[in-house]
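As structure tokens, the structure follows; a few thoughts come after it.
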Amino acid sequence: MDNKDRNILAILQRQGRIAISELAAKLNMSDTPCLRRVRKLEQSGVISGYAAQIDPKEVGLNVVVYAFVRLKENSDQHAILFEESMENLEQVMECSVVTGAHDYLLKIVASDLLSYESFVKKSLGSLNCIAGIESTVVLKQNFSRNILPLQPL
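All letters in the sequence shown, in the order written, are residues 1 to 153 by the UniProt record's numbering.
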């Protein structure tokens, strides 16, 4: 990946729907080589997709919770069961393996605290592989970035 590719990525992060002709013009390139580079970045998995960024509050998801989860056993069987279960829960926005006293960190969205409580009891609480859950409710999110800091080589 060279600086041209990084510049393409920097622009596409901010303007995912930009026309190839406009992207090429911003990069001082012709359309065909620019399109070729974009397709190569897509095929190699550097660009994993394009999506609309939706404000959670505008669609009634007013609560963000970070939940620390401890498994009963640190085994492959429990990890696979837990991770597959999290992938199937649409309220779970992120699932990360972490170090320290907990095994996983989840980012969960809900309409309100009652719906989060219900989610914990019915969804997370039904998994026998979980030993404990500690929740931290976000009171105010100052900002959230979806754009990676791509620096030229």
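Just so it is clear, CB atoms sit at the ideal spot from N, CA and C, and this is done for glycine as well.
Asked                                                                                                        : Found
Beta-carbon proximity check, R6 vs L150, cutoff 8 Å                                                          : yes
Counted within 10 angstroms of its Cβ, other Cβ atoms place F82 as buried (16 or more) or exposed            : buried
Endpoints, the alpha helix (DSSP H) within which A19 is located                                              : No alpha helix (DSSP H) contains A19, which DSSP labels as neither H nor E.
Spatially closest choice to N128 from E94, Y50, H78, by CA coordinates                                       : H78
Candidates V137, E58, V120: closest to S85 by CA position                                                    : V120
Own chain partners of I20 with C-beta closer than 8 Å, once the 5 adjacent residues on each side are dropped : D31, C34, L35, V38
C-alpha gap between I8 and R145, whole angstroms                                                             : 18 Å
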